Structures are given as structure tokens and as C-alpha cells.
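Chemist: Start counting the sequence shown at 580; every next residue gets the next number (the working numbering). The C-beta atom is built at its ideal place from N, Cα and C for all residues, glycine as well. Quick caveat, the model's predicted, so the values are computed rather than measured.
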Amino acid sequence: MCLAIPGRVVEWIERDGLFARARVEFGGVGRDVNMQCTPDADVDDFVLVHAGIAISRVDADEAARILEALAELQLDEMDEPQDGREAAPPTRR
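#1: Does G607 pass the burial test, meaning 16 or more other C-beta atoms within 10 Å, or should it be called exposed?
#2: My output table needs one value for D611: the three-state DSSP class, helix, strand or coil.
#3: Quick check on the burial criterion: 16 or more other C-beta atoms within 10 angstroms. Buried or exposed for V622?
#4: Around the Cβ of A639, are there at least 16 other Cβ atoms within 10 angstroms (buried) or fewer (exposed)?
#5: Could you tell me the distance, in whole angstroms, from the CA atom of I645 to the CA atom of V626?
#6: Along the alpha helix (DSSP H) that carries R594, what are the first and last residues, could you check?
#7: According to the neighbour-count rule (16 or more other Cβ atoms, all chains shown, within 10 Å of its Cβ), is G586 buried or exposed?
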């Protein structure tokens, strides 16, 4: 499954060319993100980031809806079995 997470652009590092990148914040944690696909994003814009690449811009309302949906999933609880059995250990692929 692929998943893109919304983050807020806090600072442009390099705006031109293949190496366009910006500092993007995710819940208070900043990461350098490749911005080649979203060169028109400005500081304080929200972008969807997948595998370190901003793939599109989204407005603040959409970013909030996505983050709320992710919180509702409670991903850490998805590993718990629903029938009372013990959880199986994770497998490596």
C-alpha cells in the first residue's frame, strides 16, 4: 500500500531544477523533501509527500481531513487481533 502524508512547507532550500527541495514539517518534525513535482508550492502551503517526494499541493482543509482520517485508523491497534488470539509476529518480505 502506498501512502502520502500531508506536511507544511516551512522553508525552501533550493527552488530550481531536479534538486528542488524544501523543509517540510510533519507534526512538528521537519524533513528535507524533494519538490521537483511541486515547484509552485510556497512557504506555509501543504503538500502530500510520498517516499520523500512532494507529489501534489493540497489546501489546509484537505490536509486536516487526511490527518484526521489517519488518526482514526489508529494504525498501532490494527496489529491487535480482534478475536482474542495472540498477535502473530511480524513477517519480513
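Modeler: According to the data block:
#1: exposed
#2: strand
#3: exposed
#4: exposed
#5: 12 angstroms
#6: Per DSSP, R594 belongs to no alpha helix (DSSP H) and is neither H nor E.
#7: buried
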